[in-house]
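Visitor: Structure provided below as structure tokens; questions to follow.
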Amino acid sequence: MKSFTYEWEAKVPGAFMYHCGTPPVLAHIANGMYGAIIVDPADSEQTFEKAREFVLVQSEFYKDANDLEDMMNGEPQVVAFNGKAFKYKDQPLEAKPGELIRFYVVNAGPNNFSAFHIVGTIFEKVYLNGYPENVDKGVQTVTIPPGGSYVVELRVPEEGAYPIVTHSFKDATKGATGILKITKDAKDQPLAP
Amino acid sequence: MKSFTYEWEAKVPGAFMYHCGTPPVLAHIANGMYGAIIVDPADSEQTFEKAREFVLVQSEFYKDANDLEDMMNGEPQVVAFNGKAFKYKDQPLEAKPGELIRFYVVNAGPNNFSAFHIVGTIFEKVYLNGYPENVDKGVQTVTIPPGGSYVVELRVPEEGAYPIVTHSFKDATKGATGILKITKDAKDQPLAP
Amino acid sequence: MKSFTYEWEAKVPGAFMYHCGTPPVLAHIANGMYGAIIVDPADSEQTFEKAREFVLVQSEFYKDANDLEDMMNGEPQVVAFNGKAFKYKDQPLEAKPGELIRFYVVNAGPNNFSAFHIVGTIFEKVYLNGYPENVDKGVQTVTIPPGGSYVVELRVPEEGAYPIVTHSFKDATKGATGILKITKDAKDQPLAP
Numbered sequence: 017m018k019s020f021t022y023e024w025e026a027k028v029p030g031a032f033m034y035h036c037g038t039p040p041v042l043a044h045i046a047n048g049m050y051g052a053i054i055v056d057p058a059d060s061e062q063t064f065e066k067a068r069e070f071v072l073v074q075s076e077f078y079k080d081a082n083d084l085e086d087m088m089n090g091e092p093q094v095v096a097f098n099g100k101a102f103k104y105k106d107q108p109l110e111a112k113p114g115e116l117i118r119f120y121v122v123n124a125g126p127n128n129f130s131a132f133h134i135v136g137t138i139f140e141k142v143y144l145n146g147y148p149e150n151v152d153k154g155v156q157t158v159t160i161p162p163g164g165s166y167v168v169e170l171r172v173p174e175e176g177a178y179p180i181v182t183h184s185f186k187d188a189t190k191g192a193t194g195i196l197k198i199t200k201d202a203k204d205q206p207l208a209p
Numbered sequence: 017m018k019s020f021t022y023e024w025e026a027k028v029p030g031a032f033m034y035h036c037g038t039p040p041v042l043a044h045i046a047n048g049m050y051g052a053i054i055v056d057p058a059d060s061e062q063t064f065e066k067a068r069e070f071v072l073v074q075s076e077f078y079k080d081a082n083d084l085e086d087m088m089n090g091e092p093q094v095v096a097f098n099g100k101a102f103k104y105k106d107q108p109l110e111a112k113p114g115e116l117i118r119f120y121v122v123n124a125g126p127n128n129f130s131a132f133h134i135v136g137t138i139f140e141k142v143y144l145n146g147y148p149e150n151v152d153k154g155v156q157t158v159t160i161p162p163g164g165s166y167v168v169e170l171r172v173p174e175e176g177a178y179p180i181v182t183h184s185f186k187d188a189t190k191g192a193t194g195i196l197k198i199t200k201d202a203k204d205q206p207l208a209p
Numbered sequence: 017m018k019s020f021t022y023e024w025e026a027k028v029p030g031a032f033m034y035h036c037g038t039p040p041v042l043a044h045i046a047n048g049m050y051g052a053i054i055v056d057p058a059d060s061e062q063t064f065e066k067a068r069e070f071v072l073v074q075s076e077f078y079k080d081a082n083d084l085e086d087m088m089n090g091e092p093q094v095v096a097f098n099g100k101a102f103k104y105k106d107q108p109l110e111a112k113p114g115e116l117i118r119f120y121v122v123n124a125g126p127n128n129f130s131a132f133h134i135v136g137t138i139f140e141k142v143y144l145n146g147y148p149e150n151v152d153k154g155v156q157t158v159t160i161p162p163g164g165s166y167v168v169e170l171r172v173p174e175e176g177a178y179p180i181v182t183h184s185f186k187d188a189t190k191g192a193t194g195i196l197k198i199t200k201d202a203k204d205q206p207l208a209p
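Going line by line, the protein sequences match chains G, R and A. For the first sequence, the residue numbers in our numbering are 17 to 209. For the second sequence, the residue numbers in our numbering are 17 to 209. For the third sequence, the residue numbers in our numbering are 17 to 209.
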């Protein structure tokens, strides 16, 4: 057994995927060897406005953790946000009516593109890779490639339950569905979950 | 049987998909329960230039309208613009040489990403989600996620037949192919078809 | 046998795909009937900074060159940069530490979207379709639709071997993996390979 330590200086602000580089990388990612890194801007002019923030990592799981053939040519059995199918359907993410909400969304793949959308809402601003200057406005759904990311911001004026999905609905049906619950009673919280 | 009425104020300009929210959403979208909404900018500074305008909705149909398993793990049998395979191949969309043409393109999915392209042309300007400020220039093909949209503008200087496709050619071959016919005889028409 | 000659004036700068239009287009692209065209800006204000430049075309090959059914509903057997699986894994593309590197990346498909990424690096700037004004910054992975392109720029400060992939790892595993070797001994060269 050997151990490695990676050290680096985070120079570029944004939301990034990290994953192990042990071959076969496809199998390692499909078995959960990844995570997200959020780098806040060092430059105060690039700093995002205060908001309620969430980090979501979309990823796929295949039938058999060792079946590389299925990962290469088959379809995933489960697609999840933060590692578990329908995790935030039973335990919704909460926010208050009208407040600024920011999602850092990383797509770990290993294979499928994400069509990130929150039903019943339109993103006010979206930032490709979370870089503050890469801004687009008024977007319903963003394309996030495996190994890529988007930061999206929205405000929801009315209370209710708004489904968080990849709008590639075969993957939403396999687990990449959660609930954003808008309620006056939402508790304050730091970067979550 | 129950009936619902949704009311909302359209605040964000652009091209949007709507679809029913009855579960399973995947099956409902795969059976045609969707449409497009075009919201013109209220702000005159954001208003698009006068053009010949078309609305296209790309979508997939599966072998069996009730086979959710096939929709989740199989391939579509038909991919169409505006509901019917090769609809505009026999009945081309017409425009005049040199005039500004604008397509509002919504991808209803439910699963596949669109690579929208018109063979023999380069889009002069493309607008992510149809928001007037989200402009890019000189683009041959745009990625449209399921549940997403693009507005694209072009001018075609010479008469001829220009194929409209998703450049993911397996889906073009299944029906997502039409013809943009450039002819001096193109009739004037409002937003079409 | 008949022969055609296409003539046109290249008016829009960027990286473009060309392919034959003989039906079935899907089969012709899947058999390699395509290429890339790089159009340099005529306007000196749009001209890219001097850099070490590479052109990569990603594409898929299917089991049987004549099996249209497999191309429409199956998975590719090989995915390659510049026509051959793992071409630049054994013969890495070389550049020097710290120098500006520019990749013109065209995705010929015919079907799959590319998630272009170079492991261990972040693109300084990316240009949708290679149009100089379509710039985004600090991006780890770009989505390139079949029939589309991106120009990406990076600098790598330290010597080493950096894998070039589509981060849709099923396709990387099938051959869309190369190596960018950063070494002080990299030879000067024109647009390559």
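All C-beta atoms, glycine included, are put in the ideal place defined by N, C-alpha and C. Only a predicted model underlies this, so the values are computations on that prediction, with no experimental measurement involved.
If we define contact as Cβ-Cβ less than 8 Å, is E149/G a contact residue for chain A?
Guide: To locate residue 149/G, count along the first sequence from 1; it is residue 133. So yes, E149/G belongs to the interface.
Visitor: Count the other CB atoms within 10 Å of the CB of S130/R; is the residue buried (16 or more) or exposed (fewer)?
Guide: In the second sequence, counting from the first residue as 1, residue 130/R sits at position 114. Flag for S130/R reads buried.
Visitor: Taking 8 Å as the threshold (beta carbon to beta carbon), is G154/A in contact with chain G?
Guide: To locate residue 154/A, count along the third sequence from 1; it is residue 138. Cβ-Cβ to chain G under 8 Å: yes for G154/A.
Visitor: Using a Cβ cut-off of 7 Å, which residues of the region 85 to 100 of chain R contact any Cβ in chain A, in chain order?
Guide: Those would be E91, in chain order.
Visitor: Roughly how many angstroms lie between the CA atoms of V94/A and V73/G, to the nearest whole one?
Guide: As a first step, residue 94/A must be located in the third sequence, where it is residue number 78. As a first step, residue 73/G must be located in the first sequence, where it is residue number 57. About 28 Å.
Visitor: Measure the Cβ-Cβ separation of T137/R and V172/R and say whether it is below 8 Å.
Guide: Taking the first residue of the second sequence as position 1, residue 137/R is located at position 121. Taking the first residue of the second sequence as position 1, residue 172/R is located at position 156. Contact flag set, yes.
Visitor: Identify which residue in K197/A, P148/A, T182/A has its Cα closest to the Cα of E61/A.
Guide: In the third sequence, the residue the question calls residue 61/A occupies position 45. Ranking K197/A, P148/A, T182/A by Cα distance to E61/A puts P148/A first.
Visitor: Under a Cβ-count criterion, where at least 16 other Cβ atoms within 10 Å of its own Cβ denotes burial, should E65/A be classed as buried or exposed?
Guide: As a first step, residue 65/A is located in the third sequence; it is residue number 49 there, counting from the start. E65/A sits exposed, since fewer than 16 C-beta atoms from the chains shown fall within 10 Å of its C-beta.
Visitor: For the beta strand (DSSP E) that A210/R lies in, which residues bound it at each end?
Guide: Here chain R covers residues 17 to 209 and nothing more, so residue 210/R does not appear.
Visitor: With distances taken from CA atoms, which of T63/R, K79/R, V28/R is nearest A46/R?
Guide: In the second sequence, residue 46/R corresponds to position 30, counting from 1. Nearest C-alpha to A46/R: K79/R.
Visitor: State yes or no: is the C-beta of V71/R within less than 8 Å of the C-beta of I54/R?
Guide: Here residue 71/R is taken as the residue at index 55 of the second sequence, counted from 1. Here residue 54/R is taken as the residue at index 38 of the second sequence, counted from 1. Contact flag set, yes.
Visitor: If we count the other Cβ atoms within 10 Å of its Cβ and call it buried at 16 or more, is F20/R buried or exposed?
Guide: Start at 1 with the first residue of the second sequence, and residue 20/R comes out as number 4. Exposed is the call here.
Visitor: Can you name the residues of chain R whose CB is closer than 9 Å to the CB of P57/A?
Guide: Start at 1 with the first residue of the third sequence, and residue 57/A comes out as number 41. Chain R residues near P57/A: none, gap ~10 Å exceeds 9 Å.
Visitor: Should Q107/R be labelled buried (16 or more other beta-carbon atoms within 10 Å of its own) or exposed?
Guide: Here residue 107/R corresponds to residue number 91 of the second sequence, with the count starting at 1. By the neighbour-count rule (16 or more Cβ atoms within 10 Å), Q107/R is not buried but exposed.
Visitor: With respect to the beta strand (DSSP E) encompassing I138/G, which residues constitute its N-terminal and C-terminal limits?
Guide: For the purposes of this step, residue 138/G is taken as the residue at position 122 of the first sequence. Looking at the DSSP string, I138/G is not in any beta strand (DSSP E), and its letter there is neither H nor E.
Visitor: For G191/G and chain A, any beta-carbon pair shorter than 8 Å?
Guide: As a position in the first sequence, residue 191/G is number 175, starting the count at 1. Answer no: the Cβ-Cβ gap between G191/G and chain A never drops below 8 Å.
Visitor: Taking beta-carbon pairs under 7 Å, can you tell me which members of the region 120 to 152 of chain A lie near chain R?
Guide: For the region 120 to 152 of chain A, the set of residues with a beta-carbon nearer than 7 Å to any beta-carbon of chain R comprises G125, P126, N127, F129, L144, N145, Y147, E149, N150, in chain order.
Visitor: Which residues of chain R have a Cβ atom closer than 9 Å to the Cβ of L42/A, listed in chain order?
Guide: Taking the third sequence and counting its residues from 1, one reaches residue 42/A at position 26. Per Cβ cutoff of 9 Å: F185, K186, A188, T189.
Visitor: Since V28/R meets chain G, which of its residues come closer than 7 Å, beta carbon to beta carbon?
Guide: Along the second sequence, one-based indexing puts residue 28/R at 12. Chain G residues near V28/R: I138, G154.
Visitor: Give the residues of chain R in contact with K159/A, contact being defined as C-beta atoms less than 8 Å apart.
Guide: Residue 159/A sits at position 143 when you count from the first residue of the third sequence. It should be pointed out that residue 159/A corresponds to Thr in this sequence rather than to Lys. Going along chain R in sequence order, the residues near T159/A (Cβ under 8 Å) are T159.
Visitor: For P179/A versus T199/A, is the C-beta distance shorter than 8 Å?
Guide: Locating residue 179/A in the third sequence gives position 163, counting from the first residue. Locating residue 199/A in the third sequence gives position 183, counting from the first residue. Contact flag unset, no.
Visitor: Using the C-alpha atoms, what's the distance from S75/G back to N98/G?
Guide: Indexing the first sequence from 1 puts residue 98/G at position 82. Indexing the first sequence from 1 puts residue 75/G at position 59. In a straight line, the C-alpha of N98/G is about 8 Å away from that of S75/G.
Visitor: Mind checking if P162/G is an interface residue toward chain A, Cβ cutoff 8 Å exclusive?
Guide: Position 146 of the first sequence, counted from the first residue, corresponds to residue 162/G. P162/G counts as touching chain A.
Visitor: What three-state label does DSSP hand E149/G in the structure shown?
Guide: Taking the first residue of the first sequence as position 1, residue 149/G is located at position 133. Three-state result, E149/G: coil.
Visitor: Measure how close the beta-carbons of Y104/A and I160/A come, nearest whole angstrom, since I'm counting them as under 8 Å.
Guide: Translated into positions along the third sequence, residue 104/A becomes position 88. Translated into positions along the third sequence, residue 160/A becomes position 144. Not confirmed; about 17 Å, so no contact.
Visitor: Could you compute how far the alpha carbon of P39/G sits from the alpha carbon of N82/R?
Guide: The residue labelled residue 39/G in the question sits at position 23 within the first sequence. The residue labelled residue 82/R in the question sits at position 66 within the second sequence. Looking at the two C-alpha atoms, the distance is approximately 40 Å.
Visitor: So, are the CB atoms of T157/G and F185/G less than 8 Å apart?
Guide: Walking along the first sequence from the start, residue 157/G turns up at place 141. Walking along the first sequence from the start, residue 185/G turns up at place 169. At a Cβ-Cβ threshold of 8 Å, T157/G and F185/G do not count as neighbours.
Visitor: Helix, strand or coil for L84/R, going by three-state DSSP, please let me know.
Guide: Residue numbering aside, residue 84/R sits at position 68 when the second sequence is read from its first letter. Helix at L84/R.
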